[in-house]
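In the working numbering, the protein residues as written are 66 to 228. Built from N, CA and C at the ideal position, the CB exists for glycine as well. As the structure is a computational prediction, the values presented were derived from the model and not from experiment.
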């Protein structure tokens with residue numbers, strides 16, 4: 066693996082950590098609004114982002130690289146309504162997806178076939194992540210702040226977050 070590609074993998078590791086911290090902050094925002102199901106789902110997503118970072122770290126170390134975690138930027142959030150939480154999450158997932166696509170392009174340019182299985186896994190994962198967040202956001206927009214609709218979504222996500 067080239068040094069350039071290894072550096073890009075580390076940048077993606079940092080994006081995963083940043084995403085984890087963002088999801089955790091969004092969980093706090095949901096907790097403050099008495100939505101424990103949404104908060105639980107968001108905490109679960111935060112943990113999943115850490116697993117993603119580990120997967121990238123494992124790929125690098127398996128190939129005799131020495132990943133060093135860089136500065137983690139913590140995005141500040143402003144939440145006025147519940148749908149804001151998922152708009153922020155969707156924007157973050159799209160940024161992570163773009164980073165994965167850039168990693169893919171670089172690995173292709175460098176003909177690094179050994180990175181393909183890992184990157185391909187992330188491409189599939191990001192399609193799923195974006196679709197899930199987009200669906201939740203769509204449902205929240207549909208209920209348009211209606212308390213009973215939001216509570217129903219909260220209850221449904223409590224089950225998903227616990228899984």
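Can you tell me whether residue i is helix, strand or coil according to DSSP?
i, result
"residue 131", "coil"
"residue 66", "coil"
"residue 193", "helix"
"residue 210", "coil"
"residue 100", "coil"
"residue 143", "coil"
"residue 163", "helix"
"residue 188", "helix"
"residue 83", "helix"
"residue 138", "coil"
Against chain B, does residue i count as a neighbour if the rule is that its beta carbon must be under 8 Å from one of theirs?
i, result
"residue 120", "No chain B appears in the structure shown, which is made up of a single protein chain."
Quick check: the Cα distance between residue i and residue j, rounded to an integer number of angstroms?
i, j, result
"residue 218", "residue 158", "20 Å"
"residue 183", "residue 174", "16 Å"
"residue 261", "residue 99", "Residue 261 falls outside the range modelled here, since the chain spans only 66 to 228, and no answer is possible."
"residue 210", "residue 220", "15 Å"
"residue 207", "residue 114", "28 Å"
"residue 195", "residue 111", "15 Å"
"residue 93", "residue 179", "39 Å"
"residue 129", "residue 214", "51 Å"
"residue 204", "residue 216", "12 Å"
"residue 167", "residue 66", "16 Å"
"residue 125", "residue 185", "15 Å"
"residue 83", "residue 162", "13 Å"
"residue 169", "residue 86", "24 Å"
"residue 164", "residue 212", "36 Å"
"residue 41", "residue 107", "Missing from the structure shown is residue 41; the chain here goes from 66 to 228 and no further."
Which first and last residues belong to the alpha helix (DSSP H) in which residue i is found?
i, result
"residue 178", "Per DSSP, residue 178 belongs to no alpha helix (DSSP H) and is neither H nor E."
Since residue i contacts residue j with CB under 8 Å, what's their CB separation in whole angstroms?
i, j, result
"residue 133", "residue 91", "Incorrect: roughly 27 Å between the Cβ atoms, too far for contact."
"residue 188", "residue 151", "No, residue 188 and residue 151 are not in contact; Cβ-Cβ is about 22 Å, not under 8 Å."
"residue 155", "residue 198", "5 Å"
"residue 97", "residue 172", "Actually they do not touch by this definition, with Cβ atoms about 41 Å apart."
Would you be able to state if there are at least three C-beta pairs under 8 Å between the stretch 112-125 and the stretch 68-82?
yes
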